[in-house]
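Protein chains in written order, with the working numbering: chain A, 390 to 554; chain B, 3 to 296.
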């Protein structure tokens, strides 16, 4: 059959955009190929590793198992959207660096976007709750402990509380 | 890119029904966390898809005129868990679907998809069976309601007619009222795991908490489709809650279940944990209902 296209309008990192999209595309394909947002990684492509994770209307989704056409009307955020206009890192990105929560960096954008969803709830989660909330990401470098510390530290800081690791 | 032949997007339930009739070969896709993965694996490669994901009218939890809980089929697992009506009337369902996959999967996965794919290991399935949920299907001639037990025909096959889509899951008031349940999932790890066995028990106690008025137990992965355990329920119904009763109740499940050997676990292992899970789930359900295991 001839290729089927659809015009998809959405907001990406705060900017209203529209593009003709191949209906066979995943949202990962659209964000990487049409919008050059390469923080959205192609990992397992079956929704297990979390490397392609982004926020849609404030919730974390693996964009590899999300059809690009479903982005219609949605508010989408990728890691690129966290940078401030002068290029400064956000608190959670800086915490990943400070806690050595990155090594090869492949899982990092996905992990950070999940962390953003967690932090935006403005709740103080227990360690067990936090581990469960972070469980949708695979990291082969850090052993997770440093990622956990980076998120926990930022969560406490944003609440103005002393951290007790 | 997915290897799909064509995509038809439904904007309403009527649209979806019309598309079903127009494209009988097409596969329905809700959240896609099964369908798209199977398409990647090649199992469903080259197929046409009917997407119902954008039908927002099929999302959300409400009470209908008869105060039955009505869960729109596209409601995601995370929204079910956070829903105040679910927390108030059927918290065990929210806890059960909070054990599906990972946080991201719980944001995309829907209760409709979880039931329509007809797999025995679905984390929602045992609780829906234990609460005698009703499946609402909408087709060209209107709405049809099917008890969940009859909805599951065999492994991977459910009762959806060629012109129908599943639009809601109902939990009758008589089923959730004064009823407290507990779900236990046995898996090898805590996240991204398919249940080796899932067990959901709920009880309604007498007003003095001394008698189990009604006990229901259902399993996932104890057979080709999710199942209730009538022998075990008969042991508990009308009995006084006690540790001895829990033992007797748990042993009775062996007469009801029919697990198989698979690469995940052996039949013997599943039978072994089924007994322990029944005991623990009953004990917890009685506690939640305000009773004590004497």
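Note that the Cβ used here is the ideal one computed from N, Cα and C, for glycine as well. Given the structure is predicted, the values throughout are model-derived calculations rather than measurements.
Please state whether DSSP places residue i in a helix, a strand or coil.
i                      : result
residue 26 of chain B  : coil
residue 175 of chain B : helix
residue 78 of chain B  : strand
residue 454 of chain A : helix
residue 207 of chain B : strand
residue 611 of chain A : No answer is possible for residue 611 of chain A: it lies beyond the span of chain A, which begins at 390 and ends at 554.
residue 168 of chain B : strand
residue 523 of chain A : coil
residue 4 of chain B   : coil
residue 39 of chain B  : helix
residue 201 of chain B : strand
residue 459 of chain A : helix
residue 405 of chain A : strand
residue 485 of chain A : helix
residue 280 of chain B : helix
residue 183 of chain B : strand
residue 56 of chain B  : coil
residue 91 of chain B  : helix
residue 264 of chain B : coil
residue 532 of chain A : coil
residue 104 of chain B : coil
residue 424 of chain A : coil
residue 128 of chain B : helix
residue 149 of chain B : strand
residue 237 of chain B : helix
residue 61 of chain B  : coil
residue 504 of chain A : helix
Would a check of beta-carbon distances place residue i closer than 8 angstroms to chain B?
i                      : result
residue 494 of chain A : no
residue 455 of chain A : yes
residue 500 of chain A : no
residue 397 of chain A : no
residue 485 of chain A : no
residue 393 of chain A : yes
residue 451 of chain A : yes
residue 459 of chain A : yes
residue 503 of chain A : yes
Between the alpha carbons of residue i and residue j, how many angstroms are there, rounded?
i                      : j                      : result
residue 444 of chain A : residue 416 of chain A : 11 angstroms
residue 162 of chain B : residue 153 of chain B : 8 angstroms
residue 35 of chain B  : residue 453 of chain A : 10 angstroms
residue 237 of chain B : residue 182 of chain B : 18 angstroms
residue 134 of chain B : residue 437 of chain A : 32 angstroms
residue 255 of chain B : residue 63 of chain B  : 32 angstroms
residue 149 of chain B : residue 120 of chain B : 14 angstroms
residue 90 of chain B  : residue 395 of chain A : 42 angstroms
residue 111 of chain B : residue 33 of chain B  : 5 angstroms
residue 420 of chain A : residue 426 of chain A : 5 angstroms
residue 513 of chain A : residue 474 of chain A : 29 angstroms
residue 471 of chain A : residue 247 of chain B : 57 angstroms
residue 448 of chain A : residue 50 of chain B  : 28 angstroms
residue 104 of chain B : residue 84 of chain B  : 15 angstroms
residue 129 of chain B : residue 201 of chain B : 8 angstroms
residue 412 of chain A : residue 76 of chain B  : 21 angstroms
CB-CB under 6 angstroms to residue i, same chain, minus the five flanking residues each way: which ones, in chain order?
i                      : result
residue 489 of chain A : 535
residue 464 of chain A : 400 and 446
residue 528 of chain A : 496
Once you ignore the five residues that flank residue i on each side, which residues in its own chain have a CB closer than 8 angstroms to its CB?
i                      : result
residue 498 of chain A : 428, 429, 430, 440, 442, 467 and 468
residue 296 of chain B : 242, 243, 244 and 245
residue 145 of chain B : 138, 139 and 169
Which residues in the same chain as residue i place their Cβ atom closer than 7 angstroms to its Cβ, once the five residues preceding and following it in sequence are excluded?
i                      : result
residue 140 of chain B : 15, 19, 166, 167 and 169
residue 461 of chain A : 397, 398 and 399
residue 88 of chain B  : 63, 82, 95 and 96
residue 286 of chain B : 184
residue 11 of chain B  : 53 and 56
residue 457 of chain A : 397, 410, 414, 415, 416, 418 and 419
residue 102 of chain B : 79, 108, 111 and 125
residue 47 of chain B  : 5 and 41
Closer than 8 angstroms, CB to CB, is residue i near chain A or not?
i                      : result
residue 3 of chain B   : yes
residue 105 of chain B : yes
residue 229 of chain B : no
residue 325 of chain B : Nothing in the structure corresponds to residue 325 of chain B, since chain B is present only between 3 and 296.
residue 53 of chain B  : yes
residue 35 of chain B  : yes
residue 38 of chain B  : yes
residue 194 of chain B : yes
Inset, instruction - Return the residues of the region 231-265 of chain B that lie within a Cβ-Cβ distance of less than 7 angstroms from chain A, sorted by chain order. - result: None of the residues of the region 231-265 of chain B has a beta carbon lying less than 7 angstroms from any beta carbon of chain A.
Inset, instruction - Pull out every residue of the region 400-433 of chain A whose Cβ sits closer than 7 angstroms to any Cβ of chain B, in chain order. - result: Residues 411, 412, 413, 414, 415 and 418.
Legend entry - Interfacial residues, the region 433-448 of chain A to chain B, with Cβ spacing under 9 angstroms: The residues in question are 434, 435, 436, 437, 439, 442, 445 and 448.
Inset, instruction - Would you list, in chain order, the members of the region 519-553 of chain A that have their beta-carbon closer than 9 angstroms to a beta-carbon of chain B? - result: Cβ proximity to chain B below 9 angstroms picks out 520, 521, 522, 523, 524, 525, 526 and 527 from the region 519-553 of chain A.
Legend entry - Near-chain A residues of the region 162-181 of chain B (beta-carbon distance less than 9 angstroms), N- to C-terminal order: Near chain A, meaning a CB-to-CB distance below 9 angstroms, no residue of the region 162-181 of chain B qualifies.
Legend entry - Residues in the region 197-230 of chain B having any Cβ partner in chain A nearer than 7 angstroms: Within the region 197-230 of chain B, no residue has a Cβ that lies closer than 7 angstroms to any Cβ of chain A.
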